[in-house]
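*Asks:* Supplied in structure tokens, the structure appears directly below.
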Amino acid sequence: MQAIPFTAWQQLKQQQISCDQALDLLVDVEGNVRLDLLDREVNSRFWRMLGDRHVLPPVMPLLLWQSCFYVGSPVVLPDAIVQQLSAQLRTDIRVITIVEKSYRQWVRLQSLDTKRLSSSVHVNPLTGELEQEDITEMAELYLSQVDNQTERIKALISSALRNRASDIHLAPAPDGLRVRFRIDGILRHVTTLPPEISRRVIVSLKVMCDMDIAESRRPQDGRISERYMTDQAEQGLDMRVSMIPCIAAHKGEAGEKAVLRLLRQQNTFSTVQDLGFSDRTREIYEGWLREPQGMIIFTGPTGSGKTSTLYTSLQTIATDAVNIVTVEDPVEYVLPGITQTQVHELAGMTFAAGLRAILRQDPDIIMVGEIRDNETAETAVRAALTGHLVLTTLHTNDAIGVIPRLKDIGPDPGLVSDALLGIVAQRLVRKVCTHCAEPYVPTAADLKLLGLKREDANLQGWRKGKGCPHCFKSGYSGREAVIELLNIDDRVREIIYEGTVTQLRRYLHEIQYDSFLVAAIAKITQGLTTVEEVRRVLPHSAFARQGAEIIPSHPHALRSAKLNQKSVFSSEAIGGSNTVS
Numbered sequence: 002m003q004a005i006p007f008t009a010w011q012q013l014k015q016q017q018i019s020c021d022q023a024l025d026l027l028v029d030v031e032g033n034v035r036l037d038l039l040d041r042e043v044n045s046r047f048w049r050m051l052g053d054r055h056v057l058p059p060v061m062p063l064l065l066w067q068s069c070f071y072v073g074s075p076v077v078l079p080d081a082i083v084q085q086l087s088a089q090l091r092t093d094i095r096v097i098t099i100v101e102k103s104y105r106q107w108v109r110l111q112s113l114d115t116k117r118l119s120s121s122v123h124v125n126p127l128t129g130e131l132e133q134e135d136i137t138e139m140a141e142l143y144l145s146q147v148d149n150q151t152e153r154i155k156a157l158i159s160s161a162l163r164n165r166a167s168d169i170h171l172a173p174a175p176d177g178l179r180v181r182f183r184i185d186g187i188l189r190h191v192t193t194l195p196p197e198i199s200r201r202v203i204v205s206l207k208v209m210c211d212m213d214i215a216e217s218r219r220p221q222d223g224r225i226s227e228r229y230m231t232d233q234a235e236q237g238l239d240m241r242v243s244m245i246p247c248i249a250a251h252k253g254e255a256g257e258k259a260v261l262r263l264l265r266q267q268n269t270f271s272t273v274q275d276l277g278f279s280d281r282t283r284e285i286y287e288g289w290l291r292e293p294q295g296m297i298i299f300t301g302p303t304g305s306g307k308t309s310t311l312y313t314s315l316q317t318i319a320t321d322a323v324n325i326v327t328v329e330d331p332v333e334y335v336l337p338g339i340t341q342t343q344v345h346e347l348a349g350m351t352f353a354a355g356l357r358a359i360l361r362q363d364p365d366i367i368m369v370g371e372i373r374d375n376e377t378a379e380t381a382v383r384a385a386l387t388g389h390l391v392l393t394t395l396h397t398n399d400a401i402g403v404i405p406r407l408k409d410i411g412p413d414p415g416l417v418s419d420a421l422l423g424i425v426a427q428r429l430v431r432k433v434c435t436h437c438a439e440p441y442v443p444t445a446a447d448l449k450l451l452g453l454k455r456e457d458a459n460l461q462g463w464r465k466g467k468g469c470p471h472c473f474k475s476g477y478s479g480r481e482a483v484i485e486l487l488n489i490d491d492r493v494r495e496i497i498y499e500g501t502v503t504q505l506r507r508y509l510h511e512i513q514y515d516s517f518l519v520a521a522i523a524k525i526t527q528g529l530t531t532v533e534e535v536r537r538v539l540p541h542s543a544f545a546r547q548g549a550e551i552i553p554s555h556p557h558a559l560r561s562a563k564l565n566q567k568s569v570f571s572s573e574a575i576g577g578s579n580t581v582s
């Protein structure tokens, strides 16, 4: 059976439709173009005769019929331009008015390479300005151009890279395979792949990361290493892939859900100043980094930016005069001038084994990806007491929670108190979008939650985003760390050795330490984030009543807000925003 020609030009050549019918198929009454019905041969002939398209007016070849090129354009072309095109092509020219959206989409498809990953941002071909894409619209447009499942997966990864996504979720649903991106910590629905290809996409993903495609009854983990193009150069990309069996929500059938964690191999921060510390906390933290020995612990949940803070700190202190060695699981960014090792438990390369081996490598500075057991904790503490600066992480709700957690793991409290320099706890809050930010007057409930009096709240600095295309209508764009810092002074050492957590909390509140709440107030009153975002991200303990009662008189947060408000908004407007990942 003969296949029906797909493009409008092919149908026209076989006299299945007339020229007017072909044009009606291609362009509707509103000027929207059916890009899937355009013919590549028509496009090739048009540009082969014209040469460099960048010096030509905005035109799109639609049809070639009876020595006449039918072209679409979103702007009115002067007669002189039309005559020039006609002379170069040696054909008649008929211009059809099309909408700008169709022209922009067509231009993007001309540079699409479905076999390569790309994070290059989109530029409006008519104005030359950067523009924020509609995620769903562009993802579905690119997906319509692929020929196989591998290219389909790469199209999704490219879309995620362009939109700053940290994770891609592929989950079975009654109507197909649901695709979601995690952007700035929030999952956003992108598209749903048809049911007939859903299983094939999952199988292709398994092949890409060397999983067992015949096994769908147990969880599997894999990795993919790729290169992707940015606007400046080619960069490395590692992807951790997790696959778990689940119910497909379609007649109770078995299915599998996949999550891809995107790990760009280039850290986006160059200095500690980029991380979100206040002037006061940064000065204390940089003092810790200059110490010849001791332990600095970073804490926070997965995705709170600990890795970015750790890596940026290591880059800050990495010189030819020091030997820095890390043991990580996994190595997320490759750092120049630093020896990085990776955990491989099947081969016996655990955190504890790696740390013991590192100590025989004459290190000055050691980074341990995570303290998970007594042996690793004991070795790390003793390393910090014997002339090494040790940086490591734990999973706790806040900085104070590190102390009982360490005691629970097992090291002697006396050794812990002597080894610790300080603790950094952090969370990532979304920043108010600078493109749609507008003044916001805090409510009584806002001030009560933060423990602020209205006269102390720097009301002129509060901002809230109303939502725009740049921020996906959310009012937020990018993220920044809210940092709690616990400096280990002599009194804290005494409490660690022979006191209780209650005594520690009471003492820290008496000295008005740099808590999550203090940091949050500074961010909010500078207009960087909002009360709703802080409440969503910070642990409940950050808003404890005993902490809130002393905040109105706390000098650090309010002074920081008054000093930094003007400079923060100036730099945001000029240079854009950094995203902690």
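Numbering (this note's numbering), first residue to last: 2 to 582. Virtual Cβ for every residue (Gly too), placed ideally from N, Cα, C.
Going by DSSP, which residues form a beta bridge with Val242?
*Replies:* Gly223, Leu261, per the DSSP bridge assignment.
*Asks:* For Leu416, collect the residues of the same chain with a Cβ closer than 6 Å to its Cβ; drop the 5 residues on either side in sequence, then sort them by chain order.
*Replies:* Only Val382 meet the Cβ criterion.
*Asks:* If you run the structure through DSSP and keep just helix, strand and coil, what is His471?
*Replies:* It is helical.
*Asks:* When DSSP builds the beta bridges, which residues end up paired with Glu456?
*Replies:* For Glu456, which the question treats as bridged, DSSP gives no partner whatsoever.
*Asks:* Can you list, in chain order, the residues of its chain with a C-beta nearer than 7 Å to that of Gln146? Leave out the 5 residues immediately preceding and following it.
*Replies:* Counting only Cβ-Cβ distances below 7 Å, and skipping sequence neighbours, we find Leu110, Leu113, Thr115.
*Asks:* Would you check if the stretch 476-488 and the stretch 139-154 touch, i.e. whether three or more CB-CB distances between them fall below 8 Å?
*Replies:* Contact fails: fewer than three Cβ-Cβ distances are below 8 Å.
*Asks:* Give the straight-line distance between the Cα atoms of Leu64 and Ile198, rounded to the nearest whole angstrom.
*Replies:* The straight-line gap from Cα to Cα measures roughly 32 Å.
*Asks:* In terms of residue numbering, what span does the beta strand (DSSP E) encompassing Thr98 cover?
*Replies:* Counting along the chain, the beta strand (DSSP E) containing Thr98 begins and ends at 93-98.
*Asks:* What would DSSP say about Phe7, mapped onto helix, strand or coil?
*Replies:* The answer is coil: DSSP assigns Phe7 none of H, G, I, E or B.
*Asks:* Relative to the C-alpha of Glu257, which candidate in Arg265, Gln266, Ser243 has its C-alpha closest?
*Replies:* Per the Cα distances, Ser243.
*Asks:* Alpha carbons only, please: which of Ala81, Tyr104, Val100, Glu101 is nearest the one belonging to Ile94?
*Replies:* For Ile94, the nearest C-alpha among the options comes from Ala81.
*Asks:* Checking 8 Å against the spacing of the C-beta atoms, do Phe70 and Pro62 come in under that value?
*Replies:* Contact: yes.
*Asks:* Is it buried or exposed, Arg49, if we count other Cβ atoms within 10 angstroms and call 16 or more buried?
*Replies:* The residue in question, Arg49, is exposed, as its Cβ has fewer than 16 Cβ neighbours within 10 Å.
*Asks:* Keeping to the same chain, check which residues put their C-beta closer than 7 Å to that of Ile551; ignore five residues upstream and five downstream.
*Replies:* Here Ile551 scores only 40 on pLDDT, less than 50, and its place in the model should not be relied on; the value that follows carries that caveat. Contacts found: His510, Gln513.
*Asks:* Does the Cβ of Ala445 have 16 or more other Cβ atoms within 10 Å, making it buried, or fewer, making it exposed?
*Replies:* Exposed, by the Cβ-count rule.
*Asks:* Are the CB atoms of Leu238 and Arg265 within a distance shorter than 8 Å?
*Replies:* For Arg265 and Leu238, yes; Cβs fall inside 8 Å.
*Asks:* Determine, using beta carbons only, whether Gln527 and Ala482 come nearer to each other than 8 Å.
*Replies:* Against a cut-off of 8 Å, the Cβ pair of Ala482 and Gln527 comes out as no contact.
*Asks:* Can you tell me which of the three DSSP states Ile18 falls into?
*Replies:* In the structure shown, Ile18 sits in coil (DSSP, three-state: anything other than H, G, I, E or B).
*Asks:* Put Ile404 into one of helix, strand or coil per three-state DSSP.
*Replies:* In the structure shown, Ile404 sits in a helix (DSSP, three-state: H, G or I).
*Asks:* Could you tell me which residues DSSP pairs with Ala426 in its beta bridges?
*Replies:* Bridge partners of Ala426: Thr300, Glu485.
*Asks:* Leaving out the 5 sequence neighbours to the left and right, which residues in its chain are closer than 7 Å to Phe544 when beta-carbon positions are compared?
*Replies:* Correct list, in chain order: Leu450, Leu518.
*Asks:* Just checking, does the stretch 280-294 make contact with the stretch 182-199 on the three C-beta pairs under 8 Å criterion?
*Replies:* No, because fewer than three Cβ pairs between the stretch 280-294 and the stretch 182-199 fall closer than 8 Å, the two stretches do not touch.
*Asks:* List the whole-angstrom C-beta distance separating His389 from Ile366, where the pair is believed to meet the contact cut-off of C-beta under 8 Å.
*Replies:* Contact flag correct, Cβ pair sits at about 7 Å.
*Asks:* Looking only at its own chain, which residues have a Cβ that is under 6 Å from the Cβ of Glu227, when we skip the five neighbours before and after it?
*Replies:* Only Leu118, Leu238 meet the Cβ criterion.
*Asks:* State buried or exposed for Leu131, treating a residue as buried only when at least 16 other CB atoms are found within 10 Å of its CB.
*Replies:* Its Cβ having fewer than 16 others within 10 Å, Leu131 is exposed.
*Asks:* Rounded to whole angstroms, what is the Cα-Cα separation between Ala549 and Ala458?
*Replies:* The predicted model places Ala549 with a pLDDT of 40, which falls under 50 and marks its position as unreliable, so this point remains unresolved.
*Asks:* What residues are listed by DSSP as bridge partners for Val1?
*Replies:* Outside the modelled stretch of the chain, which goes from 2 to 582, sits residue 1, for which no answer is possible.
*Asks:* Which residue marks the beginning of the alpha helix (DSSP H) containing Ile496, and which one marks its end?
*Replies:* Per DSSP, Ile496 belongs to the alpha helix (DSSP H) from 491-499.
*Asks:* Using the Cβ count rule (16 or more neighbours within 10 Å means buried), how would you classify Phe7?
*Replies:* Exposed.
*Asks:* If you compare alpha carbons, which of Leu51, Asp25, Arg181 is closest to Leu39?
*Replies:* Out of Leu51, Asp25, Arg181, Asp25 has the C-alpha closest to the C-alpha of Leu39.
*Asks:* On the premise that Val430 lies in contact with Val538, defined as a C-beta separation below 8 Å, what is that separation, rounded to the nearest angstrom?
*Replies:* That belief holds up - the Cβ atoms of Val538 and Val430 are roughly 5 Å apart, short of 8 Å.
*Asks:* Give the range of the beta strand (DSSP E) segment to which Ile359 is assigned.
*Replies:* That residue, Ile359, is in no beta strand (DSSP E); its alpha helix (DSSP H) goes 352-359.
*Asks:* For Ile401, tell me which candidate among Thr342, Leu188, Ile424, Ala156 has the shortest Cα-Cα distance.
*Replies:* Residue Ile424 is the option with its Cα nearest to Ile401.
*Asks:* Taking Cβ to Cβ, would you say Val159 is nearer than 8 Å to Arg183?
*Replies:* The sequence shown places Ser at residue 159, rather than the Val named in the question. For Ser159 and Arg183, no; Cβs fall outside 8 Å.
*Asks:* Identify whether Gly466 lies in helix, strand or coil by the three-state DSSP scheme.
*Replies:* Gly466: strand per DSSP, three-state reduction.
*Asks:* Could you tell me which residues DSSP pairs with Arg480 in its beta bridges?
*Replies:* Arg431, per the DSSP bridge assignment.
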